[in-house]
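For reference, the structure discussed in these notes is given below.
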Amino acid sequence: MNELQIIEYSNQRVLTTQQLAEVYETSETNIKTNFNRNKERFVAGKHYYVLKGDD
């Protein structure tokens, strides 16, 4: 695994779905599936950000 690229959003360091998949040695699809199965446990803006377009 290569070093992770530092990404900041709203002055917070974040990991993309792709980066999480690389760290956990799984697919992006698996990360998304697990997130959707447990979405009620997470708070938008605290545990995750939804980015669209040029965000």
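Note that this note's numbering has the sequence shown beginning at 17, numbered continuously upward.
For every residue, glycine included, the Cβ atom is placed at its ideal position computed from N, Cα and C.
Query	Result
Contained beta strand (DSSP E) runs [length at least 3] in the segment 39-66, N- to C-terminal order	none
Secondary structure of GLN34, DSSP reduced to three states	helix
Closer than 7 Å: LYS55 CB and nearest the ligand NAP heavy atom	Looking at this structure, you won't find the ligand NAP or any other ligand, since it has none at all.
Simplified DSSP state of GLN28, which is helix, strand or coil	strand
Short Cβ contact (8 Å threshold) for GLU38 with VAL30	no
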